[in-house]
Amino acid sequence: MTALLSLRGVRKTYPAPAAARSRVREQARVVLDDIDLDVDRHRCVVLIGASGSGKSTLLRVVNLLDEIDDGQILLDGQDVADPRLDANAVRARMGMVFQAYNLFPHMRVLDNVTLALRLVHRRPREEADAAAVEMLRRVGLAHKATAYPDQLSGGEQQRAAIARALVHGPELLLLDEVTSALDPELVGEVLDLLAELRGEGRTMLVATHEMGFARRVADEVCYLHDGQVHERGTPEQVLGDPQRERTRAFLSRLAS
Numbered sequence: 001m002t003a004l005l006s007l008r009g010v011r012k013t014y015p016a017p018a019a020a021r022s023r024v025r026e027q028a029r030v031v032l033d034d035i036d037l038d039v040d041r042h043r044c045v046v047l048i049g050a051s052g053s054g055k056s057t058l059l060r061v062v063n064l065l066d067e068i069d070d071g072q073i074l075l076d077g078q079d080v081a082d083p084r085l086d087a088n089a090v091r092a093r094m095g096m097v098f099q100a101y102n103l104f105p106h107m108r109v110l111d112n113v114t115l116a117l118r119l120v121h122r123r124p125r126e127e128a129d130a131a132a133v134e135m136l137r138r139v140g141l142a143h144k145a146t147a148y149p150d151q152l153s154g155g156e157q158q159r160a161a162i163a164r165a166l167v168h169g170p171e172l173l174l175l176d177e178v179t180s181a182l183d184p185e186l187v188g189e190v191l192d193l194l195a196e197l198r199g200e201g202r203t204m205l206v207a208t209h210e211m212g213f214a215r216r217v218a219d220e221v222c223y224l225h226d227g228q229v230h231e232r233g234t235p236e237q238v239l240g241d242p243q244r245e246r247t248r249a250f251l252s253r254l255a256s
């Protein structure tokens with residue numbers, strides 16, 4: 001099976017705070033350390049790990065929101081980390097949903113969903129509206145098209161954000177802890193929608209702390225620790241029979 005996305009030797013550091021520099025020789029904090037990862041077409045790879053393990057940063061470098069220090073990010077075989085490439089053209093091939101909904105509060109739901117279609121993809125207004133209405137119908141929000149974000153529940157706002165990420169037909173969907181800001185009773189509706197998208201064969205790279213969801217949708221689970229892929233395998237292997245002590249300790253803390 002051909003990988004749509006491949007990471008090879010990806011390394012990312014952040015400068016240490018000024019106070020820390022005066023006390024220690026090391027002046028950079030490593031957040032991604034020699035990451036190798038493949039996401040095959042029509043497959044779902046789920047990233048798990050504690051806060052600060054590198055999950056969100058990994059998604060951000062894939063979407064070219066952060067630059068890497070070393071390595072390659074290959075999208076369909078092309079190294080998209082090459083600074084000579086048009087980052088916006090690369091991002092147009094992806095859809096990303098963040099922890100926060102990031103909807104514009106002064107715009108109707110429909111306009112939030114069509115904004116990138118009109119401004120980035122240069123779709124005519126009528127065509128963009130039709131595509132957005134269909135996607136809102138797909139996520140169960142057609143009746144909220146003319147509402148404003150503050151008139152929606154948290155789950156509805158996140159579904160609107162998912163519609164916005166999907167409306168242009170991305171090859172790769174990136175999802176960063178999309179249920180972390182939701183009340184517990186709203187988590188299920190968003191996870192059910194993502195499971196439906198997975199069932200359609202969409203290519204997905206997902207960071208989550210929802211282990212039940214990972215078991216449900218993942219083809220491969222990667223446990224990240226200190227910026228490294230510490231263990232990987234099927235959900236049955238990593239979540240059901242982990243081989244590394246750190247993985248077992250992480251899962252045990254979640255279960256307690």
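According to the UniProt record's numbering, the sequence shown is numbered sequentially starting from 1. Ideal Cβ positions, reconstructed from N, Cα and C, are used throughout, including at glycine.
Collapsing the DSSP output to three states places I162 in a helix. Per the coordinates, the alpha-carbon of G233 lies some 25 Å from the alpha-carbon of D70.
Taken through DSSP and simplified to helix, strand or coil, D38 comes out as strand. Counting C-beta pairs with one atom in each stretch, the segment 82-100 and the segment 26-46 have fewer than three that are closer than 8 Å, which means they do not touch.
The continuous alpha helix (DSSP H) containing S56 extends over residues 55-62. Assigned with DSSP and collapsed to three states, D70 falls in strand.
Per the C-alpha coordinates, the member of P242, E245, F104, Q228 positioned closest to S56 is Q228. Secondary structure at P242: coil, using DSSP grouped into helix, strand and coil.
Within the segment 148-228, the runs of alpha helix (DSSP H) that reach at least 4 residues and sit entirely inside it are, in chain order, 154-166, 184-199, 211-217.
A Cβ-Cβ contact shorter than 9 Å links L110 with V133.
In this chain, the beta strand (DSSP E) harbouring A3 covers 3-15. Listed in chain order, the alpha helix (DSSP H) elements of length 4 or more contained wholly in the segment 84-127 are 87-91, 109-119.
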